[in-house]
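A.B. asks:
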Amino acid sequence: MQGRIRRLVATTVAAMALFGTGTALADGTSVTGGPSGTTTDATPTFTFTGEPGARFDCKVEPTSPDFKPCSSPMTVQLTDGDYTFTVRATDQAGNVETNPPSRTFTVDTSAIDTAIDAGPDGLTNDPTPSFTFSTAASGATFECRIDGANSSVPTYTGCSTPFTAPKLQSGAYTLKVRAKSPDGKVDSTPAERAFTLDADKPETTFTNAPDEGSKITIRTPEIVTTSSEPGSTFECRLDNVTKEKVDTVPWAPCDATWKLPSLDGGQHTVEVRATDPAGNTDDSPAKRTFTVLVCDTEVRFGVIEALGKCLANTGTGAAPVWESTQNIKLNGLTLPVLDGQKIVLTGPTPEKPGGSLAITNVKLEIAGIKLYDGGFSWDLPDGKAGEEKEFKKIDLSGAGQKLFGMKVEGYAALRLRRPQNEGGAYKTVFALHVALPEVFKAGPSEGSGGVTGDVSINIDAEGVHLDGLKIQVTNAYIGKLGVKSVCLSFAAAGSSAVAPCTAPSIGGGKPQPYIECRSDNQEDRWDGAIAIVLPTEAKTELGLWGGLRGGRLSHAGAYVDNLGTAVPLAPGVFLQSVRLGVCLEPPPFQVKGGAGISLGPSVNGVSLVRLDGDMHYSDAYGDQPWFIRADGRLRLFDKQVASAYFQYWGTGMIDFGFEAGIDFGPANINGNVDGWIQTKSPSTFNVQGHVEVCVDSVACAEGDAVFSTVGAAGCISVSIVRVPMLVKNDNWKWYAPWRMHVEMVPIKVKGGAGYTWSRKDLDLMLASCSIGKWVLARPSQAGGAPTLVLVPADMPAFTVRMHGKDAPPKVDLVGPDGRRIAMDDYEGGGFVKGSHLIATNPDDNTTSIMVTNPAAGEWKIEPHADSSQITEVDRAYAEPEPTLGAGVGGTGYKRTLGYAYGTNPGQKIQFVERGERTTQVLGDAKPGRCKAEPGGIDSEIKMACGQLKFTPGHGPAGKREIVAVITQDGRPRDEKVVATYVAPKDRLPGRPRLLRARRAGSNVLVRWAAVPGANGYTASVTTSDGRKLSFAPASARKAIKVPGVGRDTTVRVALRALRIDGAVGKASRLKVKATRKDNVAKRKAKPLKIKQKGGRR
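Per the numbering used here, residue 157 is the first one in the sequence shown, and the count goes up by one each step.
#1: Can you tell me which residues form a DSSP beta bridge with Q1076?
#2: I need the boundaries of the beta strand (DSSP E) containing P998, first residue and last residue.
#3: Beta carbon of G275, beta carbon of S286: below 8 Å?
#4: Which residue comes first and which comes last in the beta strand (DSSP E) that contains T246?
#5: State yes or no: is the C-beta of Q780 within less than 8 Å of the C-beta of I753?
#6: Relative to the alpha-carbon of D1266, which residue among S388, L719 and L394 has its alpha-carbon at the smallest distance?
#7: Could you spell out where the beta strand (DSSP E) holding Y1173 opens and where it closes?
#8: Sorted by chain position, which residues of the same chain lie with C-beta nearer than 7 Å to E1018's C-beta, five sequence neighbours on each side aside?
#9: Just checking, does the segment 277 to 297 make contact with the segment 327 to 341 on the three C-beta pairs under 8 Å criterion?
#10: Please report how far the alpha carbon of L494 lies from the alpha carbon of D529, in whole angstroms.
#11: Measuring alpha carbon to alpha carbon, tell me which of R1127, V879 and P409 ends up nearest D1094.
#12: DSSP state of K961, grouped into three classes?
#13: Is it the case that the Cβ atoms of W110 and I379 are separated by a distance below 8 Å?
#14: What do you get for Y582, buried or exposed, if any count of 16 or more other CB atoms within 10 angstroms of its CB means buried?
#15: Could you tell me which residues DSSP puts in a beta bridge with R1127?
#16: Assuming R1212 and Y1173 make a contact with CB atoms under 8 Å, what is their CB distance in whole Å?
#17: Can you grab the Cα-Cα spacing for the pair L922 / A1032, in whole Å?
#18: Using the C-alpha atoms, what's the distance from L1040 back to V1254?
#19: Would you call the segment 347 to 358 and the segment 307 to 314 touching, i.e. three or more CB-CB distances under 8 Å?
#20: On the DSSP bridge assignment, give the partners of E391 in chain order.
#21: Check L449 in the structure and name its three-state DSSP category.
#22: Can you look up L164 in the DSSP assignment and give me helix, strand or coil?
#23: Give the single residue among R1051, T502, G706 and F212 whose Cα lies nearest to the Cα of G470.
#24: For V1160 and S641, what's the separation of their Cα atoms in angstroms?
#25: Check each candidate in V765, S440 and V738 and name the one with the smallest Cα separation from R791.
#26: Hey, would you say C739 sits closer than 8 Å to F730, going by beta carbons?
#27: Using 8 Å as the threshold, is the segment 572 to 580 in touch with the segment 538 to 552, meaning 3 or more CB pairs across them?
#28: To which residues of the same chain is I522 closer than 6 Å at the C-beta, ignoring the five residues directly before and after it?
#29: In chain order, which beta strand (DSSP E) runs of at least 3 residues are fully inside the segment 458 to 518?
#30: State the DSSP-derived secondary structure class of K583, mapped to helix, strand or coil.
#31: Is the Cβ of L1104 closer than 8 Å to any Cβ of chain C?
#32: What whole-angstrom Cβ distance do M896 and A1056 have, given they're in contact under 8 Å?
#33: Please look up how many angstroms separate the CB atoms of A1210 and S1176, rounded, as I've assumed it's under 8 Å.
#34: Enumerated in chain order, which unbroken segments of the alpha helix (DSSP H) with a length of 4 residues or greater are wholly contained in the segment 658 to 713?
#35: Within 10 angstroms of the Cβ of G190, are there 16 or more other Cβ atoms? Answer buried if so, exposed if not.
#36: Does the Cβ-Cβ distance between T291 and D277 come in under 8 Å?
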């Protein structure tokens, strides 16, 4: 009874708890993650969710049989065994879940599991697919199987990751992989991956396309394509060409129906290929080649223009071939086609860049000359706009053809000319040779042969024209009269087939026209020249030349040469030659004149001495400034032994050169040198050339010479040594010139002579080469005892100079290593390359010995018994080699020279810009601070850095060099090209601004603002009373004063700035109007009628 009561009470309490306190929590909790079944993970993690706002309690039986608060995710640490995970929720009202979810699982850390990590999943076109897989079991191996028809691995077979399946056929497959532990335990649930293989490439076919090899007239045909596999996509291409196994046209996506773009005439090829959904692409695309027939009436390439009714392109766009069965015109030349024949014109190809022309049968006749009969296949010349190229030569020898009644001889040439500008006329030039009248003979005898002249005929679309005529004879005869040369030429405007006659050459040497005038082909030209040799003992020459351009005098000149003794100027001095030539148009204006005299006796009609001089002036034209040039030549028995020239340019630069010798007393320099002088203040000049240097009676040697404002030097190489030098780093920039390092670089140790103009001082083997300042070594030793000279270590060379009492001393120089340099020849000195150089100077009684690669220590001077007493000894060490690097930055007219150099005591570096017809001094190197010291080997080089801003010098555009002119202790030492850059086109001065004028009495004063960089001005003034005045003010500081201008006169002013070379800028214009009516009477008027006043008397 009591038991029933207890059970009833419990039931009642439970019922009250269930129903009396509120609604119970619904079963809404679920386990969303964690192991189920067997797992090898001894620390499994569970995740779960429930009613929002609820809290959770978990338990893992049998390890933790009681619920404990938890949250998701929850990780537990377990041992091998069977477990149940349970989670329940309690809502915010305190209701506890009555039916909580649970998950039963087994932890077996000795179990094995397999996972496939990578490989095909779904559709693939790889017949040998690769997979990777893994297991957590240590030391496990794998077994693989592929399920499916035609499987290449039908049963489990040992495998490893990565695994590549043996080749499979198309079909559906499943890869199964299981791991196997070292104790033989096998994964009971193998990993699986299903895939489908499609390894078959689709076939592409045309259902609509032009037939192979067909000819069509439709320029936009439609191509329809199908694939053997549904769902395929397509790619197309048109007119692909394979070059060196590389396609020039890429594939592009297209639809199954492809309408081609408008095609040019000629051969075309279309290709289409399909790609199936698996990615297999047809490797044998559908392909059709066909020809689109389009009649071109104009074809142009290279230097040719072909015109016809129908030129059908039967080739391709890349290699066109035009065919015609009707006549065509090639650069105006009619090519007739006989019945049943055709013309084939092939465009440019790599093998034939100008193309080719073939005609099966043709008859060519030009200006009555039967030129060709038959078929041919000839290559066409290649060329650009404005060029004329030879097409073919045809042999007309013995053909009996005549032109203007003159017999045609030798080869006739067909030349093709392309116009300079688009829209101009293409032309054929027919050039040939004609026999001249029989009065011209090749020799004075009656049997001498005749001579020929050159003729060209110009052909264009309008017909046949006489393009040019040139008759030229050299070394011919008219009877007994010698004709050195005779020339007559006509060149039509636009012609280039005939070169106009030029002025004769005068004197011996290399033949060249006495004056060369600029020639163009913008107007008709007649030119003529003749030079005859009179039958006198001196063989006097007479010459005339001249020309007309557009009916106006273009150029003219005359000369007489080899007058012999006909015109004496003084006893034994005779006038030999007088010449004058002038060029009028086209510009520039030029004039050149000269004369020659002879002196002394003559042998075989040739004077002992002949001196010739010429003066030549040329006006400015284009990029070339005006210049004046003087030339002189000295000939001995008709052999030129010396010459010189001097040329002053409008830019303020002087060029000069000579073939001569400079003698400094005990040393001299001979050879060809060229140089420049800059006339700006302060004036500077520099000369450099390849010469022969002689020191006293020491054997001469080829070397280098330097002449400058401060002096002259001639140097020869004595030895080669390696010294530390600055070298640019790979990242060197003009704005970071300190990026340098030091390397050991081979240099030449030089010896020679240096001369200073201001001091009239000569040094042998001194600062002009590699040896520095003289320093007193020590006083002379009494009684002829040896004098010692100390030489430091690592010195590449040194020089010792001994002063004698009454003659240059004679000594032996002995080094600390026993090396002996002996003066065996007292008068001669000596030179042993790679060892030493000895020279004596009797002007100051000194003997100088230069030694290369000397041993460090004390060198002994041992006087010979017969030597003059030594009164003083100087020594000089090798100067540090000049070392520097530079570069140019900036653009246009704003440039900067960045430089770095090794500082040497007594050294000065001047930078000079040089270019074609221009030179300017930029400035001196300043010892500025470098941001970093040079790297590389350790050395005593102290580096300085700096920049020079400059404007390119006046002159033509193009490459300019920056030259470092180096002096040492006041004497020139070396020149080095340290940088280059490309200068822009020279700019003209700007237009003068603020041009204004006012009247001042009977004058008009004109003022303006100065133009930067102007070198003067030119003003043209016209007045209404008919005056034309010219003014050339040097600056804008002083007004132009136009005198004698009344207030009834209007004044017009055009003012331009001048560049230093004479080029002018754009004009500023001004008009000063008259302020009262002019007081001018007409030239003619009617007579006046005067009436009588008053009555009779």
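Glycine residues also receive a C-beta, built at the ideal position from the N, C-alpha and C atoms.
As the structure is a prediction and not an experimental result, all values here were calculated from the model.
C.D. replies: The short version:
#1: Stepping through the sequence shown from its first residue, residue 1076 is reached at position 920. According to DSSP, which records beta bridges pairwise, Q1076 is partnered with E1069.
#2: The residue you call residue 998 lines up with position 842 of the sequence shown. From DSSP, P998 is part of no beta strand (DSSP E); its letter is neither H nor E.
#3: Here residue 275 refers to the residue found at position 119 of the sequence shown. Here residue 286 refers to the residue found at position 130 of the sequence shown. In contact: G275 and S286 (Cβ atoms closer than 8 Å).
#4: Position 90 of the sequence shown, counted from the start, is the residue given in the question as residue 246. For T246, the enclosing beta strand (DSSP E) stretches over residues G237 to T246.
#5: Looking up residue 780 in the sequence shown gives position 624. Looking up residue 753 in the sequence shown gives position 597. Contact flag unset, no.
#6: Limits of the chain in this structure are 157 at one end and 1253 at the other, which puts residue 1266 out of reach.
#7: Counted from its first residue, the sequence shown places residue 1173 at position 1017. Residue range Y1173 to T1179 is occupied by the beta strand (DSSP E) that includes Y1173.
#8: Numbered from 1 along the sequence shown, position 862 holds the residue referred to as residue 1018. Taken in chain order, the residues that qualify are P942, V967, D968 and V970.
#9: yes
#10: Position 338 of the sequence shown, counted from the start, is the residue given in the question as residue 494. Position 373 of the sequence shown, counted from the start, is the residue given in the question as residue 529. Taking the straight line from one Cα to the other gives about 11 Å.
#11: Here residue 1094 refers to the residue found at position 938 when the sequence shown is read from its first residue. Answer by Cα proximity: V879.
#12: On the sequence shown, residue 961 is found 805 positions in, with the first residue counted as 1. Coil at K961, not helix or strand.
#13: This structure leaves residue 110 out entirely; the chain is present only between 157 and 1253.
#14: Within the sequence shown, numbered from 1, the residue matching residue 582 stands at position 426. Y582 is buried by the Cβ-count criterion.
#15: Start at 1 with the first residue of the sequence shown, and residue 1127 comes out as number 971. Beta-bridge pairing links R1127 to Q1124.
#16: Here residue 1212 refers to the residue found at position 1056 of the sequence shown. Here residue 1173 refers to the residue found at position 1017 of the sequence shown. Confirmed, about 7 Å.
#17: Residue numbering aside, residue 922 sits at position 766 when the sequence shown is read from its first letter. Residue numbering aside, residue 1032 sits at position 876 when the sequence shown is read from its first letter. Because the pLDDT at L922 is just 45, under 50, the model does not fix this residue reliably, and the value given afterwards should be weighed accordingly. So the alpha carbons of these two residues sit roughly 8 Å apart.
#18: Residue coverage of the chain in this structure runs from 157 to 1253, which leaves residue 1254 outside it and unanswerable.
#19: no
#20: In the sequence shown, counting from the first residue as 1, residue 391 sits at position 235. Answer by DSSP bridge pairing, in chain order: P409 and R429.
#21: Looking up residue 449 in the sequence shown gives position 293. Three-state result, L449: coil.
#22: Within the sequence shown, residue 164 is the residue found at index 8, counting from 1. Note that L164 has pLDDT 40, beneath the 50 cutoff, so the model's placement of it is unreliable and the number below is only indicative. If DSSP states are grouped into helix, strand and coil, L164 belongs with the helices.
#23: Counting from 1 along the sequence shown, the entry for residue 470 is found at position 314. Looking at the sequence provided, one finds Thr at residue 470 rather than Gly. Ranking R1051, T502, G706 and F212 by Cα distance to T470 puts T502 first.
#24: Taking the sequence shown and counting its residues from 1, one reaches residue 1160 at position 1004. Taking the sequence shown and counting its residues from 1, one reaches residue 641 at position 485. Their Cα atoms are separated by approximately 58 Å.
#25: Along the sequence shown, read from residue 1 onward, the residue named residue 791 stands at position 635. Nearest C-alpha to R791: V765.
#26: In the sequence shown, residue 739 corresponds to position 583, counting from 1. In the sequence shown, residue 730 corresponds to position 574, counting from 1. Cβ distance not < 8 Å, so C739 and F730 don't count as in contact.
#27: By the Cβ rule, the segment 572 to 580 counts as touching the segment 538 to 552, because three or more pairs are nearer than 8 Å.
#28: As a position in the sequence shown, residue 522 is number 366, starting the count at 1. Here I522 has F586 as same chain residues with Cβ atoms under 6 Å from its own Cβ, once five neighbours each way along the sequence are excluded.
#29: Taking only runs of at least 3 residues, the beta strand (DSSP E) segments lying wholly in the segment 458 to 518 are 460 to 469, 477 to 480, 484 to 486, 489 to 491 and 499 to 502.
#30: Here residue 583 refers to the residue found at position 427 of the sequence shown. Strand, per DSSP.
#31: In the displayed structure, chain C is absent; only one protein chain is listed.
#32: Position 740 of the sequence shown, counted from the start, is the residue given in the question as residue 896. Position 900 of the sequence shown, counted from the start, is the residue given in the question as residue 1056. Confirmed, Cβ separation roughly 6 Å.
#33: For the purposes of this step, residue 1210 is taken as residue 1054 along the sequence shown, with counting starting at 1. For the purposes of this step, residue 1176 is taken as residue 1020 along the sequence shown, with counting starting at 1. Distance from A1210 to S1176 at the Cβ level is roughly 5 Å; contact confirmed, criterion being Cβ atoms closer than 8 Å.
#34: none
#35: For the purposes of this step, residue 190 is taken as the residue at position 34 of the sequence shown. When all chains shown are included, G190 counts as buried.
#36: For the purposes of this step, residue 291 is identified with residue 135 of the sequence shown, where counting begins at 1. For the purposes of this step, residue 277 is identified with residue 121 of the sequence shown, where counting begins at 1. No, these two residues do not count as a Cβ contact at 8 Å.
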